[in-house]
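Residue numbers (the numbering used here): 1312 to 1601. Below is one structure; the comments refer to it alone.
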Amino acid sequence: MFEAGEAEVQMLEEFFTFMREDDRFYFSNDAAGAEDYIEAAEKHLAFINRRLPDFFGVLPKADLVVKRVEPFREQDGAAQHYRPGTPDGSRPGVYYAHLSDMRAMPIPALEVIAYHEGNPGHHMQNSIAQELEGVPNFRSQGEYISAFGEGWALYSELLAKEMGAYEDPYSDFGRLTTEMWRAIRLVVDTGIHSKGWSEQEAIDYFLANSPMPETTVRSEVRRYIVWPGQATAYKIGMIKIQDLRAMAERELGDDFDIRGFHDTVLGGGPVPLGILDKRVRQWVAAMKAD
């Protein structure tokens, strides 16, 4: 039994190496490859944008564009990120991609990152919050709660599959990889800040349990070292949103409305998970009363 298990683990390690090293999973490491990355992200977001009305009642006014990070602040292996537009929609939200090292940006992870940073992830969440009326500015434009915002973006990665994305099996593996990545964070962050792990121990654990490129892993671990706890918010927030959705589906049965659920989650702006729980339960009670 032990030997059989070791053989299975070895097969998985070989597959991880294949995903990290095979050239088919990377664009060329030059300006043309960076442009190919941007075009592919735009294509995936155009697909998901057409599906949004089936899953959301409230859609943002602001458009979304994809751009390469400016050379003066671009870093090898740094995380892609989002910057919101304006509340009136006059300036679009921007999904920024670090593309100075294309070997740190594997193609199988491209699609899931686009949904996380763009739609239905951070762009939906931030734009809808900015457009809220009757709430203080610090709620609609200034406040950011990682467990809510990053939990929503991670939930959105899986929601995109429900919306019909990830037709390529390697891209779906990329989605699973990023979800595993967020679970690894729970272990690595705790290992560093509670159990005394060294930077190299954290990197070794990450590489043993993920096919992510080593450049990206090293960048991630250094982030966890200087920002204790933040990276754990992604998975914790996602689990909470999934639990609330499961509760609502169970309580409402055939009356469950996915658009109403998502509008309720996003419609209060960024809130602590306890308040989000209260909002969703109030929505469920109101649906039952109708």
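C-beta: ideal position from N, C-alpha, C; glycine also.
Restricting to Cα atoms, I'd like to know which of the options is closest to residue i.
i, options, result
"D1387", "R1450, V1528 and Q1511", "V1528"
"S1438", "F1484, Y1466, P1371 and V1380", "P1371"
"A1557", "V1369, H1573 and A1544", "H1573"
"V1380", "F1367, D1374 and R1394", "R1394"
"Y1545", "D1601, N1360, H1433 and D1568", "H1433"
"F1358", "A1420, M1322 and N1430", "N1430"
"S1457", "P1583, V1595, A1600 and K1599", "P1583"
"L1363", "L1555, K1472 and D1479", "K1472"
"I1349", "F1484, T1575, M1416 and I1586", "M1416"
"E1444", "G1578, A1596 and D1588", "G1578"
"D1347", "I1418, R1592, I1552 and I1536", "I1418"
"E1332", "T1526, D1588 and Q1391", "T1526"
"L1465", "R1384, P1524, I1552 and L1323", "I1552"
"A1326", "G1507, I1536, G1485 and D1601", "The sequence shown places Phe at residue 1326, not Ala. It is G1485."
"E1510", "M1322, R1533 and A1408", "R1533"
"G1507", "I1536, P1524 and D1341", "I1536"
"A1342", "V1498, K1354, A1408 and F1329", "A1408"
"P1524", "T1328, V1576, Q1321 and L1470", "T1328"
"K1354", "Y1477, F1336 and G1540", "Y1477"
"P1480", "H1392, F1336 and E1442", "F1336"
Would you please state the rounded distance, in angstroms, between the beta carbons of residue i and residue j? I believe it to be under 8 Å.
i, j, result
"G1462", "G1548", "2 Å"
"L1375", "P1398", "About 15 Å separates the two Cβ atoms, so there is no contact after all."
"L1356", "V1377", "7 Å"
"G1396", "P1581", "Actually they are not in contact, since the Cβ atoms of G1396 and P1581 sit about 17 Å apart, beyond 8 Å."
"D1566", "M1598", "6 Å"
"L1410", "A1345", "4 Å"
Using beta-carbon positions only, say whether residue i and residue j come within less than 8 Å of one another.
i, j, result
"Y1455", "E1428", "no"
"E1252", "S1482", "The first residue shown for the chain is 1312 and the last is 1601, placing residue 1252 beyond what the model contains."
"D1604", "A1542", "Lying outside 1312 to 1601, the shown extent of the chain, residue 1604 is not represented and no answer is given."
"G1338", "M1413", "Just to set this straight, residue 1338 is Phe in the shown sequence, not Gly. In this structure, M1413 lies closer than 8 Å to F1338 by Cβ."
"T1604", "A1425", "For the chain, the structure presents residues 1312 to 1601; residue 1604 sits outside this window and is missing."
"G1502", "E1512", "yes"
"S1530", "A1389", "yes"
"F1366", "I1550", "no"
"W1594", "G1571", "yes"
"G1400", "A1373", "yes"
Does the stretch 1491-1501 come close enough to the stretch 1448-1458 to have 3 or more Cβ pairs within less than 8 Å?
These segments do not touch.
So does the stretch 1548-1565 actually touch the stretch 1503-1520, counting three or more Cβ pairs closer than 8 Å?
Not touching, per the Cβ criterion.
So within the stretch 1376-1458, which uninterrupted alpha helix (DSSP H) runs reach at least 4 residues, ignoring any that extend past its ends?
Whole alpha helix (DSSP H) segments, 4+ residues: 1421-1428 and 1433-1441.
What are the start and end residues of each continuous alpha helix (DSSP H) run of 4 or more residues lying completely inside the stretch 1462-1539, in chain order?
Segments of the alpha helix (DSSP H) lying fully in the stretch 1462-1539: 1480-1504, 1510-1519 and 1525-1537.
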